[in-house]
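Student: Numbering (numbering that gives the first Met the number 0), first residue to last: 0 to 396.
All C-beta atoms in this analysis are idealised placements derived from N, C-alpha and C, irrespective of residue type, glycine included.
Please find one structure pasted underneath; my questions will follow.
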Amino acid sequence: MRLLVLAMLLSATFAPSVLADVQWEEDGWLATIGEERLEKGDEFGCYGMPNLAWKADPGAVALECREYVEDRIDASKWGSSPISTYTPSDLTAAQHTVISNQGFSVHGDETGQSATAWHSEENVPEREYDWFDLGRRGGSLEKGIAEISLLESELDSGGLVNMYWVGRIHDATVRHDSGVVEMLSERDDTWFTTWGEAYSYWAVERCNSFNHSLENSILRFEPIDSPACRSATNAWNVPITWIANVSSATVLDSSLPTLEVDDRNTKEGWRQEGSILYISVLAGNIAEFNLSEEVEYDITGRTQFFNNKTSALTIGGHSTTDLFLWSKRFDDHEFLKFTWLLTPRGLEEGLEWLPYVGVGVLILSVSGIWLVLKKDALAYSKAEELMPKGENGDANG
């Protein structure tokens, strides 16, 4: 009997967790093609959780979604924890701060805030909270909705251009516009990046310190890696393109690989245009250059975008429940970089009865425990009545 009561107590204990677990199922593709997308330079962020509402408790959504991503895949090849998330347009500034406190620096897109980032080519972010409302200038990748001329115009204007993509709506697979992809493939003036990567590149202004020297025609340059500073801005350590004026000297050799002017995905390297030396390097790494002569030189700052590109393009993969359906068609277009905003799939149609099974288990368990205890009480009462009485009316031991 005691074993039966114990079993019922355990079933009642685990029933609530069953209720929570059956409300969504994870995307198994993260463990396979997810790693491939990471190697190609994509990013994984958050979209939400099926069992929680952003408006009701944004902190809980951000926390649970962050843990969902962290338990399954790194957010980027530059950092393990996600820093990019979708948020709806009806949240307050205070709620965005709550989300930021869970580690998310980039909130997108078109989130309805007064402080904004990249809603136009002139809307250059100045403060960290400007990134709580990332703009959407590039439209959609969806066939029939994408506008090539509008996208070209935005890229020509400069700044960061953010596009929208969703691979499936209900049961219908969405087709992408191949004409847009073809046009983008021909742009050598654009940095193809992700939300978190672009933010981290921008945030280096808060951690702008480096060492440099020139001795025996060897130029050494080292951006200082400050984990405390990066932690304060919640940014990753990504290659930043620095500008050095080396006058009439020519680079003969370097510890970094060479970059071409048309390289458009983030990586370490260098290239020279006349007296200007572009150095793309991670903080903490030392770049050495063997120059043709001893000259006066100057480190003049960094470029706005990687490899001195005039524009940047990001693509937010919204509501990514199935990475295969959302991403597979772009395997042959490795220059494109996506920010996959993940959310687990909600309870599939035909399985809606599972939560009620959990409720039933809970009710039956509690009822069973009550009946067992009542039966034990009755048995004890009957046994007490059959016991002989002593002179004072007490049962004899």
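Under the three-state reduction of DSSP, which class applies to R263: helix, strand or coil?
Tutor: coil
Student: Does the beta carbon of N161 come closer than 8 Å to any beta carbon on chain D?
Tutor: Here there is only one protein chain, and chain D is not present.
Student: Going by DSSP in three states, A415 sits in which element: helix, strand or coil?
Tutor: Not covered by the structure: residue 415. The range shown for the chain is 0 to 396.
Student: Sort T86, N307, I82 by Cα distance to Y198 and report the nearest one.
Tutor: For the residues T86, N307, I82, the minimum Cα distance to Y198 belongs to I82.
Student: Can you say whether K336 is buried or exposed, counting buried as having 16 or more other CB atoms within 10 angstroms of its CB?
Tutor: buried
Student: Pull the bridge partners of L276 from the DSSP assignment, please.
Tutor: A243, Q271
Student: I'd like to check one pair, D176 with E141: are the Cβ atoms closer than 8 Å?
Tutor: yes
Student: Is the beta carbon of R135 less than 8 Å from the beta carbon of L324?
Tutor: no
Student: From what residue to what residue does the beta strand (DSSP E) around P222 run?
Tutor: 217 to 222
Student: Candidates E42, Y128, F305: which alpha carbon is nearest T265's?
Tutor: Nearest option by C-alpha distance: F305.
Student: For F43, does the three-state DSSP call read helix, strand or coil?
Tutor: strand
Student: Between the alpha carbons of V21 and P49, how many angstroms are there, rounded?
Tutor: Bear in mind that a pLDDT of 48 at V21, under 50, signals an unreliable position, so the model cannot answer this.
Student: Counting only the same chain and skipping the five closest in sequence on each side, list residues whose C-beta sits under 7 Å from that of R229.
Tutor: C206, N236
Student: Among A30, G107, V250, D26, whose alpha-carbon lies nearest the alpha-carbon of D129?
Tutor: G107
Student: According to DSSP, simplified to helix, strand and coil, what is A248?
Tutor: coil
Student: Check whether the region 312 to 332 and the region 294 to 302 are in contact - that is, three or more C-beta pairs closer than 8 Å.
Tutor: no
Student: Assign P238 to buried or exposed, taking buried as 16 or more other Cβ atoms, counted over all protein chains shown, within 10 Å of its Cβ.
Tutor: Flag for P238 reads buried.
Student: Cα-Cα, which of L213, L150, F43 is closest to G78?
Tutor: F43
Student: Report back the beta-carbon spacing between L276 and V250 to the nearest angstrom; my notes put them in contact at under 8 Å.
Tutor: Here L276 really is in contact with V250; their C-beta atoms are around 7 Å apart, less than 8 Å.
Student: Check whether the region 328 to 344 and the region 185 to 202 are in contact - that is, three or more C-beta pairs closer than 8 Å.
Tutor: yes
Student: So for W325, helix, strand or coil by DSSP?
Tutor: helix
Student: Please name the residue in F329, F288, S148 whose C-alpha comes closest to that of E214.
Tutor: F288
Student: Could you tell me if S88 is buried or exposed, where buried requires 16 or more neighbouring beta carbons within 10 angstroms of its beta carbon?
Tutor: exposed
Student: If you reduce the DSSP assignment to three classes, tell me which class R229 lands in.
Tutor: It is helical.
Student: Find the nearest neighbour of S99 within the set A231, F220, S247, E272, judged by alpha-carbon distance.
Tutor: Ranked by Cα distance from S99, the options A231, F220, S247, E272 are led by A231.
Student: When we look at the beta-carbon of C64 and count the other beta-carbons within 10 Å, is it buried (16 or more) or exposed?
Tutor: buried
Student: As a quick exercise: from G40, A61, G138, pick the residue whose alpha carbon is nearest that of G47.
Tutor: From the listed residues G40, A61, G138, the smallest Cα separation to G47 is found for A61.
Student: Using DSSP with H/G/I as helix, E/B as strand and the rest coil, what is N161?
Tutor: Reduced to three states, the DSSP call for N161 is strand.
Student: Of the residues Y67, P124, S184, M182, which one's Cα is nearest the Cα of Y200?
Tutor: P124
Student: Flag this pair as yes or no: are the beta carbons of I285 and R219 separated by less than 8 Å?
Tutor: For I285 and R219, yes; Cβs fall inside 8 Å.
Student: Give the straight-line distance between the Cα atoms of E293 and S216, rounded to the nearest whole angstrom.
Tutor: For E293 and S216, the distance between alpha carbons rounds to 5 Å.
Student: Using C-beta distances below 8 Å, list every residue in its chain close to G283, excluding the 5 sequence neighbours before and after it, in chain order.
Tutor: E221, P222, I223, D224, N236
Student: Assuming A480 contacts F131 under a Cβ cut-off of 8 Å, what Cβ separation, rounded to an integer in Å, is found between them?
Tutor: Since the first and last residues shown for the chain are 0 and 396, residue 480 lies out of range.
Student: If you draw a straight line from the C-alpha of L29 to the C-alpha of D41, how long is it?
Tutor: Distance between the alpha carbons of L29 and D41: 12 Å.
Student: For G78, which of helix, strand or coil comes out of DSSP?
Tutor: Coil, per DSSP.
Student: Can you say whether L258 is buried or exposed, counting buried as having 16 or more other CB atoms within 10 angstroms of its CB?
Tutor: buried
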